[in-house]
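Enquirer: Top line first, the protein sequences correspond to chains A and B.
In the working numbering, each residue's number is its place in the first sequence (first place is 1) plus 209.
In the working numbering, each residue's number is its place in the second sequence (first place is 1) plus 209.
The beta carbon of each residue, even a glycine, is placed where N, CA and C say it ideally should be.
These numbers come from a predicted model, not from an experiment.
Number of protein chains: 2
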Amino acid sequence: MKKHEARRAASASFLLAQIGAHAASRFAERLQPLGLSPPHAGILRVLRGSAGLSQQELAVTLKLHPSRLVAIVDELETRGLVSRRENPNDRRTYALFLTETGEATLAEIGRIATEHEEALCASLNKTEREQLAQLLQRIAEEQGLTAGVHPGFSRMGKKSPPAE
Amino acid sequence: MKKHEARRAASASFLLAQIGAHAASRFAERLQPLGLSPPHAGILRVLRGSAGLSQQELAVTLKLHPSRLVAIVDELETRGLVSRRENPNDRRTYALFLTETGEATLAEIGRIATEHEEALCASLNKTEREQLAQLLQRIAEEQGLTAGVHPGFSRMGKKSPPAE
DNA sequence: TATTGTTATACTCTATAACTATA
DNA sequence: TATAGTTATAGAGTATAACAATA
Chain A
210 MKKHEARRAA SASFLLAQIG AHAASRFAER LQPLGLSPPH AGILRVLRGS AGLSQQELAV
270 TLKLHPSRLV AIVDELETRG LVSRRENPND RRTYALFLTE TGEATLAEIG RIATEHEEAL
330 CASLNKTERE QLAQLLQRIA EEQGLTAGVH PGFSRMGKKS PPAE
Chain B
210 MKKHEARRAA SASFLLAQIG AHAASRFAER LQPLGLSPPH AGILRVLRGS AGLSQQELAV
270 TLKLHPSRLV AIVDELETRG LVSRRENPND RRTYALFLTE TGEATLAEIG RIATEHEEAL
330 CASLNKTERE QLAQLLQRIA EEQGLTAGVH PGFSRMGKKS PPAE
């Protein structure tokens, strides 16, 4: 079977969807050794910036259904990465905090993210990467995407065996 | 609850995953009025370039499981967009072709894709879009992504109610 | 015996909504 | 009565693998 000759000009939108899915998938793979999924990492990251959030607030921030968030927070708590503290003012809610282990894990995730970025953008030099990031940033803003919130969190499950 | 101040510098990889998921989701929405999903569109597009492919070959090209491809081709055939012709040389296989309706639909998909591209890149001018496309193209090539094959096809189902 | 296309089964995941405790 | 968190149920979707026909 003959291969398509080289690569034809593709639209930016298709390339974005294609590379985006690839990037998300690879990042998830890199996270697997830690037993974490991208949503886990997202929660840890938000919690570093806004400690003490309730699950309700966290669900709104990350646009996750509360029922789904419960399971993820349960896992994070079981692993000792996040702690639920009781709220004296409203005993219905929990205030969520990173534990020390959680912070250490988050640092490790940061290293993984850096490696991931490096691998993904290996074909671009520093200037080009900044150029790319700036263009993407403008698209993200104009499209109304919230910083740090991945629309695909809803579907980025726990285990996605690397096809074949 | 206080909003995060403005948008902090995000990594290119996160932006790619974020915008990529957004782009894929929006494109799927635009396709919905036609009753088609991105995988449907992908098959039609491949078939235009390589008419007469067998399902097996198509499955390999698009990296879809044969069992899944059957269902999608069934739908396309039912809608009269694709026809299965018997292969005299090997009666186990079908040769797949676009029908006239299929070609017309593909043209419509092309218009939709153009609108989509326009909407997604509204914040960039022509030069910037080309710049972006070039950078993305280089990443795609270096990452070994096949032209026209979306890794997320496997997961881009039929109906994904536009969450509010 | 190997391969194409197909069908059937099982499994995973997500959302809906019912439930408990507190406000 | 309304809301936070939780749990249970049901629904959708995918992959695994068994099956029939042909090579």
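Please report how far the alpha carbon of A:Arg291 lies from the alpha carbon of A:Gly261, in whole angstroms.
Expert: In the sequence as presented, Arg is not what sits at residue 291 of chain A; that position holds Val. Approximately 11 Å between the Cα atoms of the pair.
Enquirer: Under 9 Å, Cβ to Cβ, is there at least one residue of chain B near A:Ala304?
Expert: Answer no: the Cβ-Cβ gap between A:Ala304 and chain B never drops below 9 Å.
Enquirer: Would a C-beta distance cut-off of 9 Å place A:Val282 and A:Arg293 closer than the cut-off?
Expert: Taking the C-beta atoms as reference points, A:Arg293 is found nearer than 9 Å to A:Val282.
Enquirer: Is the CB-CB distance between B:Glu351 and A:Ser220 below 9 Å?
Expert: no
Enquirer: Which residues bound the alpha helix (DSSP H) around B:Ser222?
Expert: Ala221 to Leu240
Enquirer: Taking a cut of 9 Å between CB atoms, which residues from the segment 228 to 254 of chain A lie near chain B?
Expert: Ile228, Gly229, Ala230, His231, Ala232, Ala233, Ser234, Arg235, Phe236 and Pro247
Enquirer: Note down, in chain order, all residues in the segment 332 to 352 of chain B with a beta-carbon under 9 Å from any beta-carbon belonging to chain A.
Expert: Of all residues in the segment 332 to 352 of chain B, those with a C-beta nearer than 9 Å to a C-beta of chain A are Ser332, Leu333, Glu337, Arg338, Glu339, Gln340, Leu341, Ala342, Leu344, Leu345, Gln346, Arg347, Ile348, Ala349, Glu350, Glu351 and Gln352, reading in chain order.
Enquirer: List, in chain order, every chain B residue whose beta-carbon is nearer than 8 Å to that of A:Pro360.
Expert: Gln227, Ala230, His231 and Ser234
Enquirer: Is there at least one Cβ from chain A nearer than 9 Å to B:Glu326's Cβ?
Expert: yes
Enquirer: Taking the C-alpha atoms as reference points, what is the distance between A:Phe223 and B:Gly357?
Expert: 8 Å
Enquirer: In chain order, what residues of the same chain lie with their CB nearer than 8 Å to the CB of B:Leu271, ignoring the 5 residues before and after it?
Expert: Counting only Cβ-Cβ distances below 8 Å, and skipping sequence neighbours, we find Pro248, Gly251, Ile252, Val255, Leu278, Val358 and Phe362.
Enquirer: Per DSSP, what kind of secondary structure is A:Leu305 in: helix, strand or coil?
Expert: strand
Enquirer: For A:Leu273, return the contacting residues in chain B, with the cut-off set at a CB-CB distance below 8 Å.
Expert: Near A:Leu273 there are no residues of chain B at all, since even the closest Cβ is about 11 Å away, more than 8 Å.
Enquirer: For a contact meaning CB atoms closer than 9 Å, what does B:Ala280 contact in chain A?
Expert: None at all; the shortest Cβ gap to chain A is about 19 Å.
Enquirer: My output table needs one value for A:Ser276: the three-state DSSP class, helix, strand or coil.
Expert: helix
Enquirer: Quick one: which chain A residues come within Cβ less than 8 Å of B:Ser276?
Expert: Correct list: empty, because the minimum Cβ distance to chain A is about 15 Å.
Enquirer: Is there a Cβ of chain B sitting closer than 9 Å to that of A:Ala219, yes or no?
Expert: yes
Enquirer: Cα separation between B:Thr314 and B:Leu345?
Expert: 28 Å
Enquirer: Determine the DSSP secondary structure at A:Val255, reduced to helix, strand or coil.
Expert: helix
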